[in-house]
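Student: First the structure, which I've put down as structure tokens, then a few questions once you've had a look.
Listed below in structure tokens is the structure:
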């Protein structure tokens, strides 16, 4: 059964399967420094949220739209690459210094806690528990509403400036 939720309801069954490697996947994810996040079926990437939840640094394609940009600056967290440079990723990531890795991990954790984490996720991350499935959390909704409110305010200010000219 697919673990993605539909936009309007419970899990959507795409194809039934027996996945015996889920625990292995979670183990690998929790013990990874980087996680490649290809684009999903929509504008985002489910793997992006999974990676952040597990504490990994997302590696994304340059054309993947990041959530809540430009209001949230993801550049200190994610590693961006073009499709043409995917083959160079092992070298590029291996050449990244340990101080840079730690800086990016800290920024990723800050942004995850700020924008997506459920309160239980934040507590479990501190105790190094397995990541929970990234579902819509109150923080995610709050961040979305905050960004929408900011964008509306900016649009109103631009309209006011045009009107006063």
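Residue numbers (our numbering): 1036 to 1200. Glycine residues also receive a C-beta, built at the ideal position from the N, C-alpha and C atoms.
1. Note down the Cα distance separating residue 1133 from residue 1093, rounded to an integer number of angstroms.
2. Can you give me the C-alpha to C-alpha distance between residue 1180 and residue 1189, rounded to a whole angstrom?
3. Tell me whether residue 1093 sits in a helix, a strand or coil according to DSSP, three-state version.
4. By the DSSP assignment, the alpha helix (DSSP H) with residue 1115 in it spans what residues?
5. Assuming the contact rule is C-beta atoms closer than 8 Å, residue 1091 and residue 1067 should be a hit. Round their C-beta distance to whole Å, please.
6. May I ask which residues mark the beginning and end of the alpha helix (DSSP H) holding residue 1061?
7. Give every residue of the same chain whose Cβ lies closer than 7 Å to the Cβ of residue 1074, excluding the five residues on either side of it in the sequence, and list them in chain order.
8. Hey, quick one: how far does the alpha helix (DSSP H) through residue 1133 stretch, first residue to last?
9. DSSP puts residue 1070 in a beta bridge; with which residues?
10. Only counting the same chain, and skipping five residues up and downstream in sequence, which positions put a Cβ closer than 6 Å to that of residue 1109?
Tutor: So, from the data block:
1. Working through the chain shown from its first residue, we reach residue 1133 at position 98. Working through the chain shown from its first residue, we reach residue 1093 at position 58. Whole-angstrom Cα-Cα distance: 16 Å.
2. The sequence position of residue 1180 within the chain shown is 145, counting from 1. The sequence position of residue 1189 within the chain shown is 154, counting from 1. Each residue's alpha carbon lies about 14 Å from the other.
3. Indexing the chain shown from 1 puts residue 1093 at position 58. In this structure, residue 1093 counts as strand in the three-state DSSP scheme.
4. By 1-based counting over the chain shown, the position of residue 1115 is 80. Here residue 1115 belongs to no alpha helix (DSSP H); instead the beta strand (DSSP E) covers 1114-1116.
5. Walking along the chain shown from the start, residue 1091 turns up at place 56. Walking along the chain shown from the start, residue 1067 turns up at place 32. 5 Å between Cβ atoms; contact.
6. Looking up residue 1061 in the chain shown gives position 26. In the DSSP assignment, residue 1061 falls within the alpha helix (DSSP H) that extends over 1057-1065.
7. For the purposes of this step, residue 1074 is taken as residue 39 along the chain shown, with counting starting at 1. Answer for residue 1074: 1080, 1096, 1099, listed in chain order.
8. By 1-based counting over the chain shown, the position of residue 1133 is 98. Here the alpha helix (DSSP H) through residue 1133 covers 1133-1150.
9. Within the chain shown, residue 1070 is the residue found at index 35, counting from 1. Answer by DSSP bridge pairing, in chain order: 1093.
10. Reading the chain shown from its first residue, position 74 is the one you call residue 1109. Cβ within range, chain order: 1101.
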